[in-house]
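The structure under discussion appears below in the form of structure tokens.
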Amino acid sequence: MDLSYLWSALQAGAGKILPTVVLALVPFGIGVLLGLPAALGRYFRVPVLKQTLDVLVSLIKGIPVLLMLMAFYVISSQSFDSVMQSLGLPFSFRGLPKGLIAGAALAVYAAAALSEVFRGALASVPKGQYDAAYACGLSKSQAMRRIILPQVLPVSLPMGCNIMIALIKSAALGSLVSFIDVMNAAVNSMAASYRFLEAYIAAALIYWGICVITEQLFKLLEHHFARRRTA
Amino acid sequence: MSDIILELRGLEKSFGKRSVLKGVDLRIAKGETVALLGPSGSGKTTLLRCLNLLEHADGGTLRIESQSLELHRAGKKESLQMCRRTAMVFQHYDLFLNKTVLQNVTEGLVIGRKIPAKEAAQTAMDALEKVGMADRANSRPQQLSGGQQQRVGIARALALNPAVLLLDEPTSSLDPERVQEILDLIAVLAKSGATMLIVTHEMAFAYEASDRVIFMDEGEIVEQGPPREVFGNPQQERTKQFITRFLNNKSPGYFI
Ligand SMILES: Nc1ncnc2c1ncn2[C@@H]1O[C@H](COP(=O)(O)OP(=O)(O)O)[C@@H](O)[C@H]1O
Ligand SMILES: [Mg+2]
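Sequence order for the protein chains is L and D.
Taking the working numbering, the leading residue of the first sequence gets 105, the next gets one more, and so forth.
Taking the working numbering, the leading residue of the second sequence gets 485, the next gets one more, and so forth.
Listed below in structure tokens is the structure:
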């Protein structure tokens, strides 16, 4: 192993930290926005919605993210142009940022995974909290916003952190649709010299770093909520 | 009794095929303290929950103050309005775990009743003062003992200034040495003119602090009357058995 190659691979990989984090963070955000209502629909057994979501989540959980990504790619390569044409919009598949396809696949995965997390967290709130809220004259939505969800979100943090980390690592799959993340940048930089071991070690170190920082950020959030609960 | 503040007629409630309340009638006068007794599973909690509209009844009409409601077809808005006429003290306290003691009490005032925050805080502090918890206003429920939590639970209900205060076995989860102080607190409230319906297994308390005792069994009111009569000279066989069982278990002779 050659340290100078490692160093230049590190530099190449580090240059793509931002797109990597964005490719994980945006799907995570979308996953929260979709996963929370989905969890509520499932937990409160909204007719039809619950059954539909149960099947969807089970399906998404059972499919490798890689497969979903490829399916999204194939579907959009076949139909994006004709859809845009029929809508009269000046976009083409050729000009489509491929990160969007990877992001869409990761968002679907994140929504399913986070809906499971939120559902578990909802189940951890004692029934008495609902009774007390209604008995104090709160409406259903007031009880949800002011009493239940503030207890659900802190409980969701540790599992949410795991999903965020899984998303960061999954960003590497973006290379299949020519999205360049940390790993692909590091490997590409060594393509001429065939120093792939250095490239892999460099990428591993960077991912590790990102994940450690992510974990610390989530821990800070957890401490913030824990302090609010007991102080 | 002249000034009837709560009037319930023909309350029916089933869970699935199991009929839990079979046509319960109930009248409570302003300022009255009513003790609701009965074996476990007789429907006492369900009755309170139906009065508070936490449970959707299958039939019956409820009037509290000036509002009447057919319970099985009550709309959201009327239900919420009726619900706000009562307040509930729970067996397991059920304080809001994400709120401080003070916020527990102000929540229903500010959010449920749209009272300005400042006024609500004042009302809440007065209620906490009454139950001896004003000095813990900024504590979290997790930092309090069971007895302290129940005091806050009582303050939370009192602050709402309900027409009728509903208490469901308020001392059943407490350590034995804490039971009496909570009972004493409730007795003080009863004397100060609050209207209360209290489910309890504390017979001595029911005997001394209540104006009327109702004995319930299998979803029906079996017998009711002044505590002296119901305890001293029960008319129904089921009441006799229930009271005798309690006298044998607990210290006998206390109220005879
Ligand atoms: N949510 C519920 N679902 C089904 N059965 C219930 C429910 N709540 C109470 N019950 C049943 O109704 C009956 C009366 O219960 P409850 O009102 O809690 O009695 P008590 O408070 O007198 O002990 C019991 O048989 C109980 O099992
Ligand atoms: Mg009960």
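Ideal Cβ positions, reconstructed from N, Cα and C, are used throughout, including at glycine.
Please read all numbers here as calculations on a predicted model, not as lab measurements.
* Asked: Would a check of beta-carbon distances place ASN645 (chain D) closer than 7 Å to chain L?
  -> Using beta-carbon distances, ASN645 (chain D) does not count as an interface residue toward chain L, since no partner is under 7 Å.
* When Cβ atoms are compared, which residues of the stretch 237–264 of chain L fall closer than 8 Å to chain A? -> Among the protein chains of the structure shown, namely L and D, there is no chain A.
* Asked: Does ILE482 (chain D) get closer than 7 Å to chain L when you measure Cβ to Cβ?
  -> For chain D, the structure presents residues 485 to 740; residue 482 (chain D) sits outside this window and is missing.
* **Shell residues, 6 Å Cβ cut-off relative to heavy atoms of ligand 1** => Checking every Cβ against the heavy atoms of ligand 1 under 6 Å gives D:PHE499, D:VAL504, D:GLY522, D:SER524, D:GLY525, D:SER526, D:GLY527, D:LYS528, D:THR529 and D:THR530.
* Residue-chain proximity (ASP235 (chain L), chain D), Cβ-Cβ < 7 Å -> Yes, contact with chain D.
* Between the beta-carbon of VAL508 (chain D) and the beta-carbon of THR530 (chain D), is there less than 7 Å? -> No. Outside cutoff.
* To do: Pull up the CB-CB distance for ARG547 (chain D) and GLU491 (chain D), whole angstroms please, since I reckon it's below 8 Å.
  => With 8 Å as the limit, ARG547 (chain D) and GLU491 (chain D) qualify as a contact, their Cβ atoms being about 4 Å apart.
* Going by C-alpha distance, which of D:CYS567, D:GLY543 and D:VAL636 is nearest LEU495 (chain D)? -> Of the candidates D:CYS567, D:GLY543 and D:VAL636, the one whose C-alpha sits nearest the C-alpha of LEU495 (chain D) is D:GLY543.
* To do: Just grab the DSSP bridge partners of ILE705 (chain D) for me.
  => Looking at the DSSP assignment, ILE705 (chain D) forms a beta bridge with D:MET700.
* Rounded straight-line distance, which links the Cα of GLY224 (chain L) to that of ALA142 (chain L) -> Rounded to the nearest angstrom, the two C-alpha atoms are 12 Å apart.
* Considering only residues of the same chain and omitting the five flanking positions on each side of ILE305 (chain L), which have a CB-CB separation below 7 Å? -> Counting only residues of its own chain and dropping the five nearest sequence neighbours on each side, ILE305 (chain L) has a CB closer than 7 Å to the CB of LEU110.
* To do: Taking GLY278 (chain L) as the reference, give the member of L:TYR234, L:LEU114, L:PRO131 and L:GLY207 with the closest Cα.
  => For the options L:TYR234, L:LEU114, L:PRO131 and L:GLY207, the alpha carbon positioned closest to that of GLY278 (chain L) is the one of L:GLY207.
* To do: Could you pull out every unbroken alpha helix (DSSP H) segment of at least 4 residues lying fully inside the stretch 171–249 of chain L, listed in chain order?
  => The DSSP assignment places 202–227, 231–239 and 244–247 as complete runs of the alpha helix (DSSP H) inside the stretch 171–249 of chain L, in order along the chain (cut-off: 4 residues).
* Cβ-based burial, ARG635 (chain D) [other Cβ within 10 Å; buried from 16] -> A residue is called buried once 16 or more other Cβ atoms fall within 10 Å of its Cβ, and ARG635 (chain D) is buried on that count.
* Own chain, CB closer than 6 Å to ALA275 (chain L), minus 5 neighbours either side, in chain order -> The residues are THR124, LEU127, ALA128 and ASP285.
* Asked: In the structure shown, what three-state DSSP assignment does PHE329 (chain L) receive?
  -> Looking at PHE329 (chain L) - three-state DSSP - the assignment turns out to be helix.
* If we call anything under 7 Å between Cβ atoms a contact, is LYS506 (chain D) one with GLY677 (chain D)? -> A distance of 7 Å or more separates the beta carbons of LYS506 (chain D) and GLY677 (chain D).
* Asked: Looking at the C-beta of GLU665 (chain D), does it have a partner C-beta in chain L at a distance below 7 Å?
  -> With 7 Å as the cut-off, GLU665 (chain D) does not count as an interface residue toward chain L.
* To do: Using beta-carbon positions only, say whether ALA116 (chain L) and SER293 (chain L) come within less than 7 Å of one another.
  => Result yes, Cβ atoms of ALA116 (chain L) and SER293 (chain L) sit closer than 7 Å.
* Asked: How about LEU173 (chain L) and ALA209 (chain L): are their beta carbons less than 7 Å apart?
  -> In this structure, LEU173 (chain L) sits near ALA209 (chain L), with a CB-CB distance shorter than 7 Å.
* Distance between PHE148 (chain L) and LYS497 (chain D) (C-alpha atoms, nearest Å) -> Taking the straight line from one Cα to the other gives about 22 Å.
* First and last residue of the alpha helix (DSSP H) that includes PHE132 (chain L)? -> For PHE132 (chain L), the enclosing alpha helix (DSSP H) starts and ends at 121–147.
* To do: Evaluate contact between the stretch 245–255 of chain L and the stretch 173–186 of chain L, counting only Cβ atoms and requiring at least three cross-stretch pairs below 8 Å.
  => With a cut-off of 8 Å, the stretch 173–186 of chain L and the stretch 245–255 of chain L do not count as touching, because too few Cβ pairs lie within range.
* So is HIS540 (chain D) in contact with chain L if we call contact Cβ pairs under 7 Å? -> Chain L contact via Cβ: absent.
* Length-filtered (4 minimum) alpha helix (DSSP H) runs lying within the stretch 508–590 of chain D -> Listed in chain order, the alpha helix (DSSP H) elements of length 4 or more contained wholly in the stretch 508–590 of chain D are 528–535 and 560–567.
* Asked: For VAL281 (chain L) versus LYS202 (chain L), is the C-beta spacing smaller than 7 Å?
  -> Taking a C-beta distance under 7 Å as the contact criterion, VAL281 (chain L) and LYS202 (chain L) qualify as a contact pair.
* To do: List the endpoints of the continuous alpha helix (DSSP H) containing MET687 (chain D).
  => In this chain, the alpha helix (DSSP H) harbouring MET687 (chain D) covers 687–693.
* HIS685 (chain D) versus chain L: which residues are under 8 Å apart at the beta carbon? -> Taking the beta carbon of HIS685 (chain D) as reference, no residue of chain L falls within 8 Å; the closest one sits roughly 20 Å away.
* Does DSSP put VAL615 (chain D) in a helix, a strand or coil? -> In the three-state DSSP reduction, VAL615 (chain D) falls in the coil class, being neither helix nor strand.
* To do: Could you tell me which residues DSSP puts in a beta bridge with LEU114 (chain L)?
  => Beta-bridge pairing by DSSP links LEU114 (chain L) to no other residue.
* **Rounded Cβ spacing between LEU651 (chain D) and ILE698 (chain D) (contact assumed at less than 8 Å)** => In fact, because the Cβ distance is near 14 Å, the residues do not count as touching under 8 Å.
* C-alpha gap between LYS165 (chain L) and ALA217 (chain L), whole angstroms -> Spanning the two alpha carbons is a distance of roughly 7 Å.
* To do: Give the secondary structure of PRO168 (chain L) by DSSP, where H, G and I count as helix, E and B as strand, and everything else as coil.
  => In this structure, DSSP gives PRO168 (chain L) a state outside helix and strand, which the three-state scheme calls coil.
* To do: Show which residues of chain L have a CB atom less than 8 Å away from the CB atom of PHE580 (chain D).
  => Within chain L, the C-beta atoms nearer than 8 Å to that of PHE580 (chain D) come from GLN233, ALA236, ALA237 and ILE251, in chain order.
* Could you tell me the boundaries of the beta strand (DSSP E) in which ARG299 (chain L) lies? => Counting along the chain, ARG299 (chain L) sits inside no beta strand (DSSP E), nor does DSSP assign it H or E at all.
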